[in-house]
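Visitor: Let me begin by handing over the structure; questions about it come next.
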Amino acid sequence: MNAIRVENVSKTFVLHQQNGVQLPVLRDASLTVNAGECVVLHGHSGSGKSTLLRSLYANYLPDEGHIHIKHGGEWVDLVSAPARKVVEVRKTTVGWVSQFLRVIPRISTLEVVMQPLLNIGVPREVCAAKAAQLLTRLNVPERLWHLAPSTFSGGEQQRVNIARGFIVDYPILLLDEPTASLDAKNSAAVVSLITEAKARGAAIVGIFHDEAVRNQVADRLHPMGTPA
1 MNAIRVENVS
11 KTFVLHQQNG
21 VQLPVLRDAS
31 LTVNAGECVV
41 LHGHSGSGKS
51 TLLRSLYANY
61 LPDEGHIHIK
71 HGGEWVDLVS
81 APARKVVEVR
91 KTTVGWVSQF
101 LRVIPRISTL
111 EVVMQPLLNI
121 GVPREVCAAK
131 AAQLLTRLNV
141 PERLWHLAPS
151 TFSGGEQQRV
161 NIARGFIVDY
171 PILLLDEPTA
181 SLDAKNSAAV
191 VSLITEAKAR
201 GAAIVGIFHD
211 EAVRNQVADR
221 LHPMGTPA
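Note that the sequence shown ends on residue 228 in the UniProt record's numbering; no numbers are left out.
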């Protein structure tokens, strides 16, 4: 069953500080992703992988085409949806794990991880327990849980980011290099989380430059742009 349908999406960036130079990044991109499937965007640098992934989260607005997301019992086109609907989709349907953690300073790690689950009305004690479980699985020491993650190493911040992204059982997950700063042990923990998400029926779209991780999680590769 389809969870994502991308139809003929195009995106051109206009570089206003460089005399309006136009940089076409996506042209007629199409993609379908089923529930329980992990599709990895594959291509050389500049082929549009990140642009497509960000468009799936409505961070970028395509110039043409449609991005249909299965949200509850309805299809939502993120290209034409009002902002309120996009916020609703992000809250309950589409989860995002970026390469970098961006959070409010001075908020504790536990609170950062809990927040998406708190936002959908889950009791605080349940949120705290699940956050603790995820942080433990991702080898974030308990002594760090009550500290702000802005002071952590890159790898620690990425693991906090992953815990935050997986705390809600989103039907759709978008993963942008989730293991880029991780060692083999922590990469294996992320692979386990992805495998479990697929098993419960999540549709996953990701970018993975780590070939070993990519081979473990990908059901198929989706080529982007012209092969390098």
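The C-beta atom is built at its ideal place from N, Cα and C for all residues, glycine as well. Just so it is clear, the structure is predicted and the values come from calculations on it, not from any experiment.
Specify the secondary structure class of phenylalanine 166 as computed by DSSP and reduced to three states.
Guide: Phenylalanine 166: helix per DSSP, three-state reduction.
Visitor: Could you name the residues of the same chain whose beta carbon sits closer than 7 Å to that of valine 191, not counting the 5 residues immediately before and after it, in chain order?
Guide: Contacts found: Val213, Gln216 and Val217.
Visitor: Relative to the C-alpha of valine 126, which residue among Arg137, Asn139, Leu138 and Glu111 is closest?
Guide: That would be Glu111, whose Cα lies nearest to the Cα of valine 126.
Visitor: Relative to the C-alpha of glutamate 211, which candidate in Ile67, Thr179, Glu37 and Ala29 has its C-alpha closest?
Guide: Per the Cα distances, Thr179.
Visitor: With a Cβ-Cβ cutoff of 9 Å, do glycine 95 and valine 168 count as a contact?
Guide: Yes.
Visitor: Within the continuous beta strand (DSSP E) that includes alanine 203, where are the two ends?
Guide: That run of the beta strand (DSSP E) goes 203 to 207.
Visitor: Going by the DSSP bridge assignment, what does lysine 70 pair with across the sheet?
Guide: The partner list for lysine 70 (beta bridge, DSSP) reads Trp75.
Visitor: Rounded C-beta distance between aspartate 63 and serine 10? I'm assuming under 8 Å.
Guide: Their Cβ separation, rounded to whole angstroms, is 5 Å, which keeps aspartate 63 and serine 10 in contact under 8 Å.
Visitor: So, helix, strand or coil for threonine 226, using DSSP?
Guide: Only weak support exists for where threonine 226 lies, its pLDDT of 49 falling under 50; the coordinates are left without a value.
Visitor: Terminal residues of the continuous beta strand (DSSP E) containing glutamate 7?
Guide: Its beta strand (DSSP E) spans residues 2 to 15.
Visitor: From glutamine 17 to glycine 48, what distance separates their C-alpha atoms?
Guide: Approximately 21 Å between the Cα atoms of the pair.
Visitor: What does a CB cutoff of less than 7 Å around alanine 128 pick up in its chain, not counting 5 residues either side in sequence?
Guide: Result list for alanine 128: Leu110 and Met114, in chain order.
Visitor: Between Arg159, Val6, Gly154 and Leu193, which lies nearest to histidine 68 when the distance is taken from Cα to Cα?
Guide: For the residues Arg159, Val6, Gly154 and Leu193, the minimum Cα distance to histidine 68 belongs to Val6.
Visitor: If contact is defined by three or more beta carbon pairs under 8 Å, each pair taking one atom from either stretch, is the segment 192 to 210 in contact with the segment 78 to 88?
Guide: Flag = no, the segment 78 to 88 and the segment 192 to 210 do not touch.
Visitor: Can you tell me where the alpha helix (DSSP H) with proline 24 in it begins and where it stops?
Guide: From DSSP, proline 24 is part of no alpha helix (DSSP H) but of the beta strand (DSSP E) over 21 to 34.
Visitor: Leaving out five residues on either side along the sequence, give the residues of the same chain with a beta carbon under 6 Å from the beta carbon of alanine 163.
Guide: For alanine 163, where only same-chain residues beyond five positions count, the Cβ hits under 6 Å are Val113, Leu134, Leu135 and Leu138.
Visitor: Does leucine 117 come out as helix, strand or coil in the three-state DSSP assignment?
Guide: If DSSP states are grouped into helix, strand and coil, leucine 117 belongs with the helices.
Visitor: Identify, in the order they occur along the chain, each residue of the same chain with its Cβ nearer than 7 Å to the Cβ of tyrosine 170, setting aside the five sequence neighbours on each side.
Guide: Taken in chain order, the residues that qualify are Thr93, Val94, Gly95 and Ala202.
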